[in-house]
Amino acid sequence: MIIHGKLIKAKDLAKAAGVSRSTVIKYYGISRENYERVATERRKLAFELRSSGLKWKEVAEKMNTTNYSAIAYYRRYVALAKNK
């Protein structure tokens, strides 16, 4: 989790709050449905940007991620489309 720009582990946050790690994850985590929806959108965006002729660096900048993540999103989109 990132709080005030700092990465804080759920274990450390739980200890500070006096609750269990699983409680912290339950309250701060996102639901599986939301995660899958966001992941699908990001994979599609990477595919569309790359298909429009942008370089990987440009795709990554537009997605606010690294080159390797953009490539991974693209490859996953292609793999899932191939299996349908």
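This note's numbering applies: residue 156 is where the sequence shown begins, and numbers increase by one.
Even for Gly, the Cβ is constructed at its ideal location relative to N, Cα and C.
Spatial distance of residue i from residue j (CA atoms)
i              : j             : result
glutamate 216  : arginine 205  : 12 Å
lysine 210     : leucine 200   : 14 Å
isoleucine 180 : glutamate 191 : 17 Å
methionine 218 : alanine 169   : 32 Å
lysine 239     : glycine 173   : 46 Å
asparagine 222 : leucine 162   : 22 Å
aspartate 167  : serine 186    : 22 Å
Limits of the alpha helix (DSSP H) - the one that residue i falls within
i              : result
isoleucine 180 : 176-183
lysine 239     : Counting along the chain, lysine 239 falls outside any alpha helix (DSSP H), and DSSP gives it neither H nor E.
As assigned by DSSP and simplified to three states, the class of residue i
i              : result
leucine 209    : coil
lysine 170     : helix
lysine 161     : strand
threonine 195  : helix
asparagine 189 : helix
asparagine 222 : helix
*Inter-stretch contact at 8 Å, needing at least 3 Cβ pairs: the region 216-236 / the region 189-198*: Taking 8 Å as the limit for Cβ pairs, the verdict is that the region 189-198 does touch the region 216-236.
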